[in-house]
Amino acid sequence: MRILLFTLLFLCASLLAAPAKKAPASSSRIHGAVSSPAKFSGERLFAVLDSVGGTGTWMEWDVNGVRDPSVMSALDPLLKQANKPEMVWVLSERQKPLLAVLVPKGSGEVLLFYELSGLDAKPVKLSMNRVLTPAVVFRDYRQVAPGEFVHLDKPDLKVTANDKHVRFSYSKPDNTPLRFDSDFSKKTFVEKRHELRDYMDFLRYEYSLMLRAFVQSTRAMFNWQPWHWYMPEWNSKAFISEKELEAILVKGVKPEMFTVFKTKTEGGEVVEMRTSGNGFYEMTISNP
36 MRILLFTLLF LCASLLAAPA KKAPASSSRI HGAVSSPAKF SGERLFAVLD SVGGTGTWME
96 WDVNGVRDPS VMSALDPLLK QANKPEMVWV LSERQKPLLA VLVPKGSGEV LLFYELSGLD
156 AKPVKLSMNR VLTPAVVFRD YRQVAPGEFV HLDKPDLKVT ANDKHVRFSY SKPDNTPLRF
216 DSDFSKKTFV EKRHELRDYM DFLRYEYSLM LRAFVQSTRA MFNWQPWHWY MPEWNSKAFI
276 SEKELEAILV KGVKPEMFTV FKTKTEGGEV VEMRTSGNGF YEMTISNP
């Protein structure tokens, strides 16, 4: 009988790094560097990242995830040297993405920045790592009971896990109810298209909140890197379509939850993200 994926959440095992893929050296270039004679404090490290990234969000690179050739063109030489990178981040919210690499240097550290030509991995089917451990996956959480975890900084972000499913939930109540027009079916074609665009934009925003809360607060669960979840060429088949949304609006009754993203992984698990539209979010991973 196949070992259930989520039972593995409670086993101790080491993560194996995927083999590196080479890319042309010209796909990235040094953008800058910041050195520290001693190890960066957490506050100082993120102050430097924020000063370079502005309002963008730095996303942590996963050594076990899909490897973008442009990222590896910068990382490959660093991974081969004695002082290997300690942490790696990517910022995609600019014309050319940035890569930040924290590397030991004597008794201190240096933060290297590379400008990438793009994020160029070819889309692949979502899959889950076969071996998962709480110490790695829930690094930013504390365990409060068997199979129950609470985020260290956001107590309203919680996880429950057992041999059948993993469920993330996050509550941030919105005092303004989601506008839902019960007369949608009576609108003109132009009015419907405008309404659909507004709702799709809203659900994309809700999806981005769920990615930050659920995907980016964990480590090594999936093969997609955090930025891949945002890219239409990767998520379009799983994201709610305009046709599906229009069918909901035509009914004229606001659903309790909107399913924004749903897909079956390579291993058969079902990953689903839902929002109430009023500040409650959840992501479930169901075992086949």
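Just so we're on the same page, my numbering is the position in the sequence shown counted from 1, plus 35. Don't be surprised by glycine CBs; every beta carbon is placed ideally from N, CA and C.
Problem set entry | Length of the line joining the Cα atoms of D103 and A273 | Sequence index remark: in the sequence shown, residue 103 carries index 68 (1-based). Sequence index remark: in the sequence shown, residue 273 carries index 238 (1-based). Taking the straight line from one Cα to the other gives about 21 Å.
For this session: Assess, as a yes-or-no matter, whether the segment 234 to 247 is touched by the segment 174 to 189 under the definition of 3 or more beta carbon pairs within less than 8 Å.
Result: These segments do not touch.
Exercise. In angstroms, rounded to a whole number, what distance separates the CA positions of P72 and L154?
Worked result: Against the sequence shown, residue 72 aligns to sequence position 37. Against the sequence shown, residue 154 aligns to sequence position 119. Across the structure, P72 and L154 are spaced so that their CA atoms are roughly 32 Å apart.
For this session: Can you grab the Cα-Cα spacing for the pair S152 / R129, in whole Å?
Result: Within the sequence shown, numbered from 1, the residue matching residue 152 stands at position 117. Within the sequence shown, numbered from 1, the residue matching residue 129 stands at position 94. Separation of S152 and R129 (C-alpha to C-alpha, rounded to the nearest whole angstrom) is 11 Å.
For this session: Work out the CA separation of T300 and G312 for me, nearest whole Å.
Result: Here the question's residue 312 lines up with position 277 in the sequence shown. Here the question's residue 300 lines up with position 265 in the sequence shown. Computed Cα separation, rounded: 26 Å.
Exercise. What are the complete alpha helix (DSSP H) segments, minimum 4 residues, inside the segment 134 to 220?
Worked result: Listed in chain order, the complete alpha helix (DSSP H) runs (minimum 4 residues) inside the segment 134 to 220 are 169 to 172.
Exercise. Between the Cα of G182 and the Cα atoms of R64, H200 and K115, which residue gives the shortest distance?
Worked result: Within the sequence shown, the letter at position 147 stands for residue 182. Taking each of R64, H200 and K115 in turn and checking the Cα distance to G182, the smallest one comes out for H200.
Problem set entry | Simplified DSSP assignment, three categories, for K278 | Position 243 of the sequence shown, counted from the start, is the residue given in the question as residue 278. If DSSP states are grouped into helix, strand and coil, K278 belongs with the helices.
Exercise. Hey, is the segment 141 to 152 in contact with the segment 99 to 118, meaning 3+ C-beta pairs nearer than 8 Å?
Worked result: Under the three-pair Cβ rule at 8 Å, the segment 141 to 152 counts as touching the segment 99 to 118.
For this session: Entirely within the segment 233 to 274 and at least 4 residues each: give me those alpha helix (DSSP H) ranges in chain order.
Result: Within the segment 233 to 274, the complete alpha helix (DSSP H) segments of 4 residues or longer fall at 267 to 270, listed in chain order.
For this session: Using a Cβ-Cβ cut-off of 8 Å, state whether K189 counts as contacting chain B.
Result: The structure shown has no chain B; it contains just one protein chain.
Exercise. In the structure shown, what three-state DSSP assignment does M292 receive?
Worked result: As a position in the sequence shown, residue 292 is number 257, starting the count at 1. It is coil, neither helix nor strand.
Problem set entry | Among K131, G100 and M256, the one whose alpha carbon lies nearest that of V123 | Counting from one through the sequence shown, the residue named residue 123 turns up at place 88. Ranking K131, G100 and M256 by Cα distance to V123 puts G100 first.
Exercise. Does the separation of the CB atoms of N258 and S162 fall below 8 Å?
Worked result: Position 223 of the sequence shown, counted from the first residue, corresponds to residue 258. Position 127 of the sequence shown, counted from the first residue, corresponds to residue 162. Pairing N258 with S162 gives a Cβ-Cβ distance under 8 Å.
For this session: Alpha carbon to alpha carbon, how far is R309 from Y316? Give it in angstroms, no decimals.
Result: Your numbering for residue 316 matches position 281 in the sequence shown. Your numbering for residue 309 matches position 274 in the sequence shown. Between Y316 and R309, the C-alpha separation is close to 6 Å.
Exercise. Does DSSP put S70 in a helix, a strand or coil?
Worked result: Here the question's residue 70 lines up with position 35 in the sequence shown. If DSSP states are grouped into helix, strand and coil, S70 belongs with the strands.
For this session: Along the beta strand (DSSP E) that carries S127, what are the first and last residues, could you check?
Result: Start at 1 with the first residue of the sequence shown, and residue 127 comes out as number 92. Boundaries cannot be given for S127, as no beta strand (DSSP E) includes it and DSSP labels it neither H nor E.
Problem set entry | Boundaries (first-last residue) of the beta strand (DSSP E) holding R309 | The residue you call residue 309 lines up with position 274 of the sequence shown. R309 -> beta strand (DSSP E) spans V305 to T310.
Exercise. So, helix, strand or coil for D85, using DSSP?
Worked result: The residue given as residue 85 occupies position 50 in the sequence shown. D85: helix per DSSP, three-state reduction.
Problem set entry | Own chain residues within Cβ distance below 7 Å of L231, not counting five before or after | Indexing the sequence shown from 1 puts residue 231 at position 196. Cβ within range, chain order: E277, L280 and E281.
Exercise. Any idea if A196 is buried or exposed, counting beta-carbon neighbours within 10 angstroms, 16 or more meaning buried?
Worked result: Within the sequence shown, residue 196 is the residue found at index 161, counting from 1. With 16 or more other Cβ atoms within 10 Å, it is buried.
Exercise. My guess is that G88 and L126 are in contact by the Cβ rule of under 8 Å, so how many angstroms apart are they, rounded?
Worked result: Position 53 of the sequence shown, counted from the first residue, corresponds to residue 88. Position 91 of the sequence shown, counted from the first residue, corresponds to residue 126. Going by Cβ atoms, the distance from G88 to L126 rounds to 5 Å, so yes, they are a contact pair.
For this session: Run the CB neighbour count on R174, radius 10 Å, all protein chains shown included, and call it buried at 16 or more, exposed below.
Result: Here residue 174 is taken as the residue at index 139 of the sequence shown, counted from 1. That one is exposed.
Exercise. For F315, which residues does DSSP report across the bridge?
Worked result: Mapped onto the sequence shown, residue 315 falls at position 280. Answer is S206.
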